[in-house]
Amino acid sequence: MRRIGIDVGGTNTDAVLIEEGKVIRAVKAPTSEDVTTGILESLKGLGSTGALKDRKIDGVMIGTTHFINAVVQRRHLTKVGAIRLGMPATASLPPFCDWPDDLAALVRGGVWMVEGGHEYDGRPFMLLDEAAVLKAAEEMKAAGLKSVGISAIFSPLDPSHEKRAAELVAKVLPDASITCSSDLGRIGLLERENAGLLNAALADLARDTIAAFEKAIRDSGIEAPLFITQNDGTVAEASQARRLPVYSFASGATNSMRGAAYLSGLSDAMVVDVGGTTTDVGQLKHGFPREANSVVKVGGVRTLFRMPDLLSIGLGGGSHVQLDPLKVGPLSVGYRLLKEGIAFGGKQLTTTDIAVAAGVLDLGDKARVAHIDAATCKAVFAEAARMAEEAIDRMKTEAGDVPLIAVGGGAFLIPEKLAGVSQVIHVEHGDCANAVGAAIAQVSGECDQIFKDLTRVEALSTAQGIANDRAVAAGADRATLKTIESEDMPLAYLPGNSVRVRVRVVGDVAAS
Amino acid sequence: MSLREITADDVESLAVGAWVLGTGGGGNPYLSLLNMRLLHREGKRVHLIDAEDLADDAYVAVIAGMGAPLVGIERLTDHRVFARAARLMEEHTGRKFDAVMGMEIGGGNGLRPLLVAAHLGVPVVDSDTMGRAYPEAQMTSVAVGDLKPCPLTVVDVRGLESVIETVPTWKWAERVGRKIVVEYGSTASTCQPPRSGAEVKRWGIHGTTSKAIAIGRAVREAQRTHADPVAAILAVEPGKLLFRGKVMDVARRVTEGYLRGVTRFDGLDEFRDSTLTIDFQNEWIIASRDGAPLAMTPDLICVLDSVSGEAVGSETIRYGQRVTVIALPPPEVFLTPKGLEHVGPRAFGYDLEFRSVFSA
C-alpha cells in the first residue's frame, strides 16, 4: 500500500507519503486561496526527492476544514429549496425552524411541506402527494433555486417517498443537486433534515472544491483515486464526498487524533493537537476518537453527525502573549505568523517567539527576540502548560494518570510533565499527524434501522449485512471489514418486538 | 387570584428542569420547547395559577402526549393537535375549560399544557399528577385518589379522533388508550379525564411547574458561569447526591411494550472502587450501590450529565458517559400504602419494601 495523505488546513497544507505503514516523507506548504496551488506545492514537495517517481499510488486521501468553515463563517453557501414529506404532521415546526436567523436568511430559498412519509412500522403515514411535489419543483424553478433538500418522516426506515420526490424534482430541475435526508442517516426528523439542508447548501462549494482537488492531483502527474476523509476517521470516494460534503465536517480534528494513534502505536490515550490558533483535546478509544454524546451543533444548527468529542481552547503557536499581566491567547496571528511574529520582523509577541527565544524552536531571526529573558519564557510555558492541563482534566474519563500524545505544529508548548498525565509522548512527524491520519483512513458503512419480529441475533446480523454492503459500495475491501459499533435498542411502547439496531463497520480501501 | 406570566426565559428553564424531573423517561422536551418559542413569538402569553386559586367548580383539562418518544422525534409535536384534544373534550362534555394542567411534569409532557393554554386562553395550573415521569396512566395521584378514570380523548393529526367514554378503572384506561395510540402510529395527543378545581386542590401534586423552572434556571445559570450544575440543583432542591461515575454497561430489553433494563456505573472521585446499578422501566426505578438497594421509586432518581447538568434518558444513555446520580424527594401522595401500591417497587415487579433515601 502506498498512499498520500493531505490535510488542507486554514494555515498549512500538509502532505505525507506512506509506504507499507511507514511515513516516507512529510512536507508543509502554505494553504492557498485557490486551494489547488497549496496542494500542488505540497505534492511537488513530496516528490522533490524522487519518492513518487514511477511509483504506483493507491490513493490520495484529502482532509479539509473547508466545508465546516463555510457554514461557521457563513460563506460560499447556496440557497436551498426545502421539501418536507410529512403533512399534515410536523406543520408547526417547518424546515429551518431551529436555525440561527442569520444562517437561515442565507440558506432558506423556500419551504414546501406536502403529504407523505411513513410510520415506524413501514406503513405509509400518508400517500405521497406527487402533484404537490411537482408544483413545488415548478415554483423552485421559477425562483431560480438549484439546490434542493428533501426530508420525510421515518425515511431512514423507508426512503421510497424521498427518492420518488427526488425523481419528480429532477424532471423539472434536471441540473439541481438534490439531497435526501435518508442518505444522512439517523432517526430524528429535525436533526436529519438539518443535516440534509446544510448538505444542500454546500452543493456548489463541494463541487468546486473537489474539482480543484482533482485538478491539483492531475496537474501534479499523479494517477490515483481521490478520497475525502470524514468525521469518523474513514474516507469516502470523491463522487460520494461531492454529494455528501457534511460528512467531512470534522475530519481535520479526527485525522489528527487518528494520526496520533498511528504514529505513537497507542490506541487508548489522550491526544492534544496544538495548532496555530487553537488546541483540541480529545480521547482515543480503540484507535478512534471518542464520539460526542449528544446532539452536535454546527454553526448553531442541531445535527446528528458522528463527531469527535473535543474540547477546543484558545492556545496555539500563533497565540498572542501579553506579559503584564501574563496572558496567553485566545487571540492569535494565525496564518500571519510569518509576517506578524516578532522573530519574523513583525510587532506581535507570540508563543512561537517565546519558543525561539528559549531555543526550543529554530525559526526566524533569533536576534529579534534576544531581549526576552529566560524567566519570562519559563512563565509563558508554565501558563501554556496550565491551560493544557485544565483542558486535559476536563476531557478525561478516568481519574488515574493517562498517557498523552502531543501533536500539531504547536506541540512544543506541551512540556514533558503534566499533572494527571502518566507520560507525554511527542512523535516523529507529529506536526503532520493530520495528514498521516488522512493517509491511513479506512472506509465505513453504517446501518441504523428499526427491525420488527426478528430475534435479536437475526436483527443484528441483518443490520451487519447491510452495513457491510454499504462499506463495500463505498470502496472497502470486504475481506478487511471489522465491526466497530453494534448497538441494539428495543423500542418502548412499540408492538411486535421492535428493535432499533445500529451497526458500523470499517475496512481498508480496496486496491484499485 | 394571582396569575404569573411564564416568560420566554422561564420556558427555556422549564424544558431543562422537566427533563431532569423526567427521571430517565418522558421524552426530551426540545420539540415542545420549539413549539412554545413559536407561540411566544406570535405574541401568545401563558400564565401560571396556583391550585388553591382555582374555584372548586373550575373545569380543568389534563393534558398528556402518549406514545413512544422515538416516534415523537419523527412525527414532531404540533401545538394545534394538543389543543384539539382539549377542544374535543369540550365538545364531548359540553363544558369549556377554565384552566389546563399537565398529567406529568417530567419530560416532554411538562411543557404541553402550556401549548394548550396558549390556544384556549386559560391559565396553566402549577400542579401535575406525577411530580415526575411514569410510564402508565394509573401511576398518578388522581388514580391513587380513585378519581373517575374517564372520559379520555385521543387525537391524531390526520383527523383520527377517539373518545373513550367509559372505563371502570385506571388500568382499563391505560390498556384501551394504549391500543388506540399504537394504532395511530404510537404517538397521540390526549386530554385525560377532566378534573374539578376541588379535585385538583385535593389530589394534585403542587408547585411542580415552578419547581421544574427553578431546577432548569439553576442548571442554565451554572452552565453560563461554568459553575457545577449538579451542585446548583442541590442548592435549590432538597436532594441527595447518590453517585458520580461513568456508564460501563447498558442492557436493554422490551417486555410488555416497555423499555426495561439495567445500567451499570463505575464510580469516580469519592465513589471510586464502588459500582452503582440502576434498573429502569422507561424511567429509573431502583438504584443499588454494590448490590444493596440505595434509592427506589417513588424517590426520584435523576441521572445527570456531570459536565452540563442536563438529564440523561434511559433510551439514549451510552457507554462512557460521565454522569452524576441524585435523588429528589417524592410527592407525599405516593408515600401512603395506597400510593406505594400504584408506584412503589412492587408496582414495577420488585419484591422490595419501599425505603426512602430521605428517611435515613
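Sequences listed follow chains A and B, in order. 228 is the number of the first residue of the first sequence in the numbering used here; add one for each residue after it. 48 is the number of the first residue of the second sequence in the numbering used here; add one for each residue after it. Virtual Cβ for every residue (Gly too), placed ideally from N, Cα, C.
Tell me where the beta strand (DSSP E) around residue i begins and ends.
i: residue 645(A); result: Counting along the chain, residue 645(A) falls outside any beta strand (DSSP E), and DSSP gives it neither H nor E.
i: residue 489(A); result: Per DSSP, residue 489(A) belongs to no beta strand (DSSP E); it is in the alpha helix (DSSP H), 478 to 491.
i: residue 240(B); result: 234 to 243
i: residue 340(A); result: 335 to 342
i: residue 454(A); result: 453 to 456
i: residue 731(A); result: 726 to 734
i: residue 395(B); result: It is not in any beta strand (DSSP E) - residue 395(B) carries neither H nor E in the DSSP assignment.
i: residue 557(A); result: 553 to 559
i: residue 277(B); result: No beta strand (DSSP E) contains residue 277(B), which is instead part of the alpha helix (DSSP H) from 276 to 283.
i: residue 675(A); result: 670 to 678
i: residue 322(B); result: 322 to 328
i: residue 339(B); result: 339 to 343
i: residue 665(A); result: Residue 665(A) -> not in any beta strand (DSSP E); alpha helix (DSSP H) instead, spanning 660 to 666.
i: residue 463(A); result: 462 to 464
Select from the options the residue whose C-alpha is nearest the C-alpha of residue i.
i: residue 642(A); options: 707(A), 651(A), 657(A); result: 651(A)
i: residue 347(A); options: 519(A), 383(A), 321(A), 316(A); result: 383(A)
i: residue 828(A); options: 508(A), 692(A), 728(A), 689(A); result: Outside the shown range of chain A (228 to 739) lies residue 828(A), about which nothing can therefore be said.
i: residue 729(A); options: 552(A), 627(A), 707(A), 691(A); result: 691(A)
i: residue 766(A); options: 244(A), 271(A), 247(A); result: Residue 766(A) lies beyond the residue range present for chain A, which begins at 228 and ends at 739; the question has no answer from this structure.
i: residue 393(A); options: 469(A), 312(A), 577(A), 332(A); result: 312(A)
i: residue 246(B); options: 395(B), 101(B), 56(B), 74(B); result: 101(B)
i: residue 241(B); options: 88(B), 401(B), 170(B), 136(B); result: 136(B)
i: residue 735(A); options: 714(A), 715(A), 710(A); result: 710(A)
i: residue 361(A); options: 350(A), 376(A), 326(A), 400(A); result: 400(A)
i: residue 602(A); options: 377(A), 550(A), 477(A), 619(A); result: 550(A)
i: residue 110(B); options: 141(B), 271(B), 164(B); result: 164(B)
i: residue 370(B); options: 92(B), 155(B), 356(B); result: 356(B)
i: residue 162(B); options: 99(B), 115(B), 83(B); result: 83(B)
i: residue 482(A); options: 471(A), 726(A), 515(A), 433(A); result: 515(A)
i: residue 411(A); options: 662(A), 419(A), 405(A); result: 419(A)
i: residue 387(B); options: 339(B), 368(B), 373(B), 402(B); result: 402(B)
i: residue 235(B); options: 327(B), 340(B), 115(B), 308(B); result: 115(B)
i: residue 292(B); options: 345(B), 318(B), 92(B), 285(B); result: 318(B)
i: residue 248(A); options: 451(A), 527(A), 229(A); result: 229(A)
i: residue 253(A); options: 492(A), 426(A), 234(A), 264(A); result: 234(A)
i: residue 182(B); options: 173(B), 156(B), 196(B), 195(B); result: 156(B)
i: residue 90(B); options: 112(B), 53(B), 389(B); result: 53(B)
i: residue 184(B); options: 113(B), 320(B), 203(B); result: 113(B)
i: residue 132(B); options: 147(B), 119(B), 118(B); result: 147(B)
i: residue 689(A); options: 666(A), 464(A), 715(A), 665(A); result: 715(A)
If contacts are defined as beta-carbon pairs under 8 Å, then residue i and residue j qualify, I think. What distance do you get, rounded to the angstrom?
i: residue 565(A); j: residue 413(A); result: The Cβ separation is near 43 Å, so there is no contact.
i: residue 354(A); j: residue 342(A); result: 7 Å
i: residue 638(A); j: residue 657(A); result: 6 Å
i: residue 640(A); j: residue 577(A); result: In fact, because the Cβ distance is near 11 Å, the residues do not count as touching under 8 Å.
i: residue 645(A); j: residue 609(A); result: In fact, because the Cβ distance is near 11 Å, the residues do not count as touching under 8 Å.
For residue i, report the span of its alpha helix (DSSP H) as first-last.
i: residue 352(B); result: From DSSP, residue 352(B) is part of no alpha helix (DSSP H) but of the beta strand (DSSP E) over 347 to 352.
i: residue 524(A); result: Taken as a continuous stretch (DSSP letters only), residue 524(A) belongs to no alpha helix (DSSP H), being part of the beta strand (DSSP E) at 523 to 525.
i: residue 66(B); result: 55 to 68
i: residue 431(A); result: 430 to 446
i: residue 694(A); result: 683 to 700
i: residue 294(A); result: 293 to 299
i: residue 219(B); result: 217 to 230
i: residue 261(B); result: 255 to 272
i: residue 539(A); result: No alpha helix (DSSP H) holds residue 539(A); the beta strand (DSSP E) holding it covers 538 to 540.
i: residue 580(A); result: 578 to 584
i: residue 375(B); result: No alpha helix (DSSP H) holds residue 375(B); the beta strand (DSSP E) holding it covers 369 to 375.
Discussion item. Taking 8 Å as the cut-off, does the stretch 437 to 454 of chain A touch the stretch 278 to 285 of chain A (at least 3 CB pairs, one atom from each stretch)?
Written reply: The stretch 278 to 285 of chain A, when compared against the stretch 437 to 454 of chain A, does touch it at the 8 Å Cβ threshold.
Discussion item. Suppose only complete runs of 4+ residues qualify. What are the alpha helix (DSSP H) ranges in the stretch 71 to 135 of chain B, listed by chain order?
Written reply: Along the stretch 71 to 135 of chain B, the alpha helix (DSSP H) occurs as fully enclosed runs of 4 or more residues at 77 to 88, 116 to 122, listed in sequence order.
Worksheet item: Can you list the beta strand (DSSP E) stretches of 3 or more residues lying completely in the stretch 236 to 262 of chain A, in chain order?
Response: Fully contained in the stretch 236 to 262 of chain A are the following beta strand (DSSP E) runs of length 3 or more, in chain order: 239 to 246, 249 to 257.
Practice prompt. Run through the stretch 173 to 203 of chain B for me and flag every whole alpha helix (DSSP H) of 4 or more residues, listed as ranges in chain order.
Written response: If we require 4 residues or more, the alpha helix (DSSP H) runs fully inside the stretch 173 to 203 of chain B come out as 188 to 191.
Practice prompt. Return the chain-ordered ranges of every alpha helix (DSSP H) run that is complete within the stretch 591 to 633 of chain A and spans a minimum of 4 residues.
Written response: DSSP runs (the alpha helix (DSSP H)) wholly in the stretch 591 to 633 of chain A: 601 to 622.
Worksheet entry | the stretch 695 to 705 of chain A touching the stretch 668 to 680 of chain A, judged by at least three CB pairs closer than 8 Å | The way I'd put it, the stretch 695 to 705 of chain A does touch the stretch 668 to 680 of chain A; three or more beta-carbon pairs between them come closer than 8 Å.
Worksheet item: Curious, which full-length alpha helix (DSSP H) runs of at least 4 residues does the stretch 349 to 399 of chain A contain?
Response: Every unbroken stretch of the alpha helix (DSSP H) spanning 4 or more residues and falling wholly within the stretch 349 to 399 of chain A is given here in chain order: 357 to 370, 387 to 399.
Worksheet item: Does the count of Cβ pairs from the stretch 370 to 387 of chain A and the stretch 304 to 318 of chain A closer than 8 Å reach three?
Response: Taking a contact to require three or more Cβ pairs closer than 8 Å, the stretch 370 to 387 of chain A and the stretch 304 to 318 of chain A qualify as touching.
Discussion item. Would you call the stretch 61 to 68 of chain B in contact with the stretch 255 to 265 of chain B, where contact means no fewer than 3 C-beta pairs closer than 8 Å?
Written reply: With a cut-off of 8 Å, the stretch 255 to 265 of chain B and the stretch 61 to 68 of chain B count as touching, because enough Cβ pairs lie within range.
Worksheet item: Do the stretch 471 to 487 of chain A and the stretch 281 to 291 of chain A make contact, defined as three or more Cβ pairs closer than 8 Å?
Response: With a cut-off of 8 Å, the stretch 281 to 291 of chain A and the stretch 471 to 487 of chain A count as touching, because enough Cβ pairs lie within range.
Practice prompt. Would you check if there are 3 or more beta carbon pairs closer than 8 Å linking the stretch 318 to 328 of chain A to the stretch 487 to 500 of chain A?
Written response: Counting Cβ pairs under 8 Å, fewer than three are found: no touch.
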